[in-house]
Amino acid sequence: MRIATWNVNSIRQRMDSLVAWLAERKPDIVCLQEIKCVDDAFPREPIEALGYNVAVHGQKTFNGVALLSKLPFDEVAPGLIGDSSDVQARFLEAIVSTKTGAVRVVSLYLPNGNPTPGDKYDYKLKWMDRLIKFSHERLKLEEPFVLAGDYNVIPAAADAKRPEAWVKDALFLPQTRERFRALLNLGLTDAIRATSDADDLYSFWDYQAGSWQKNDGIRIDHLLLSPQAADRLTAAGIDRHVRSWDKPSDHVPVWIDLYIEGR
DNA sequence: ATGGCCAATATGATTGGA
């Protein structure tokens with residue numbers, strides 16, 4: 004079973020690329036972020052025509068996440084626990100059934116948090132605390148569980164071409180990285196780091212300053228795996244070539260393969 | 001060394017991203 008995550012930076016601007024990439028990579032499940040549209044404006048039909056079920060948690064103009072799955076959804080639940088007043092569409096959880104049991108998947112778009120200090124950074128840290136609580140609860144279920152998305156977290160210096168440029172940024176501040184480590188310490192596995200020690204694995208290049216041409220990237224899109232998912236991990240990769248396509252997103256897809264009987 | 005972009009929005013200049 005192949006599961007991927009991609010911050011598309013507007014689904015309506017990225018449909019041609021998404022369709023081309025789905026045909027090439029053939030993922031079973033896709034976690035999308037920054038769809039930037041309400042549910043009714045999401046272009047379901049062309050995606051459903053490719054054999055995917057579609058679940059959307061949209062929002063006007065900003066944020067918005069979605070899940071695509073070749074297997075039908077047993078359950079779909081929008082929103083992260085811990086703050087019923089939070090109206091930002093950044094979290095969508097679903098369960099699909101395989102012949103050998105359920106797989107739980109989350110598409111998440113963690114807040115950017117800049118500028119720091121300030122309200123936005125406070126919101127990011129609280130959101131991460133909520134995510135830690137949620138993950139702790141879900142890990143008790145001892146099932147294959149994939150927490151995928153745009154984390155807006157550079158986990159370590161090796162995950163940036165120029166780490167010195169990020170030391171005061173919300174993506175790399177110690178409090179941000181501490182919380183990411185707290186997630187890992189619950190027992191989650193960073194799939195890309197579990198399969199490679201390379202120091203040039205990036206998933207985002209800014210549109211500005213010729214970042215792509217200079218390979219001035221950062222790794223901020225992650226798939227974190229429960230032990231029951233990590234045990235089944237056979238491969239992981241980053242489709243960096245997609246960044247050179249026409250009208251690219253500033254993020255590229257990241258994917259994993261899990262050995263699941265019959266998938 | 002510095003700045004350089006892109007998307008959405010009652011489309012003109014702002015907000016947000018990272």
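With this note's numbering applied, the first sequence corresponds to residues 4 to 266, in that order.
Backbone N, C-alpha and C fix where the C-beta goes; we use that ideal spot for every residue, glycine too.
Residue of the options minimising C-alpha distance to residue i
{"i": "F45", "options": "R93, S199, A58 and V33", "result": "A58"}
{"i": "I32", "options": "G61, H244 and I98", "result": "I98"}
{"i": "D77", "options": "G54, P49, R107 and E48", "result": "R107"}
{"i": "K63", "options": "D209, L176, S13 and A185", "result": "S13"}
{"i": "L236", "options": "A212, D249, R266 and L71", "result": "R266"}
{"i": "P49", "options": "L71, S247, H60 and G67", "result": "L71"}
{"i": "R141", "options": "L186, V22, A52 and A201", "result": "L186"}
{"i": "D209", "options": "E181, P251 and S88", "result": "P251"}
{"i": "S87", "options": "V11, K171 and W130", "result": "W130"}
{"i": "I135", "options": "R182, F94, R93 and P177", "result": "R182"}
Residue i burial status per 10 Å Cβ neighbour count (16 or more: buried)
{"i": "S199", "result": "exposed"}
{"i": "F65", "result": "exposed"}
{"i": "N218", "result": "exposed"}
{"i": "N188", "result": "exposed"}
{"i": "H244", "result": "exposed"}
{"i": "A151", "result": "buried"}
{"i": "E37", "result": "buried"}
{"i": "H139", "result": "exposed"}
{"i": "K143", "result": "exposed"}
{"i": "A7", "result": "buried"}
{"i": "R184", "result": "exposed"}
{"i": "A233", "result": "buried"}
8 Å CB neighbourhood of residue i in its chain, flanking five on each side removed
{"i": "K29", "result": "R5"}
{"i": "K127", "result": "L113, P114, N115, G116, N155, A173 and T179"}
{"i": "Q231", "result": "E145, E146, P147 and F148"}
{"i": "F137", "result": "L83, I84 and G85"}
{"i": "W169", "result": "I157, A163, F175 and I221"}
{"i": "A239", "result": "A194, I195, A197, T198, S199, L226, V257, W258, I259 and D260"}
{"i": "G104", "result": "E146 and P147"}
{"i": "W24", "result": "W9, D242, V245 and P256"}
{"i": "E51", "result": "V57"}
{"i": "R47", "result": "V57 and V59"}
Cα-Cα separation, residue i to residue j
{"i": "S214", "j": "V41", "result": "31 Å"}
{"i": "D153", "j": "D253", "result": "12 Å"}
{"i": "W9", "j": "I223", "result": "11 Å"}
{"i": "Q16", "j": "Q91", "result": "21 Å"}
{"i": "D122", "j": "D203", "result": "32 Å"}
{"i": "D125", "j": "T119", "result": "9 Å"}
{"i": "S20", "j": "L111", "result": "21 Å"}
{"i": "C34", "j": "A69", "result": "6 Å"}
{"i": "F207", "j": "Q216", "result": "12 Å"}
{"i": "E27", "j": "Q211", "result": "28 Å"}
{"i": "W248", "j": "G61", "result": "26 Å"}
{"i": "R133", "j": "G67", "result": "18 Å"}
{"i": "K39", "j": "D89", "result": "17 Å"}
{"i": "Q171", "j": "M18", "result": "At residue 171 the sequence reads Lys, which differs from the Gln that was named. Taking the straight line joining both Cα atoms gives about 35 Å."}
{"i": "V11", "j": "V22", "result": "12 Å"}
{"i": "R93", "j": "A201", "result": "30 Å"}
{"i": "P75", "j": "Y205", "result": "31 Å"}
Residues near residue i in its chain [Cβ-Cβ closer than 6 Å; skip 5 each side]
{"i": "E96", "result": "A80 and V109"}
{"i": "I263", "result": "M4 and T101"}
{"i": "P166", "result": "A160"}
Cβ neighbours of residue i in the same chain (closer than 7 Å, five flanking residues each side left out)
{"i": "D43", "result": "none"}
{"i": "K73", "result": "D31, G54 and Y55"}
{"i": "L191", "result": "S138, L150, L227, L228 and S229"}
Cβ-heavy atom distance, residue i to the ligand ATP, below 7 Å
{"i": "F183", "result": "The ligand ATP is not among the ligands present in this structure, which contains no ligands whatsoever."}
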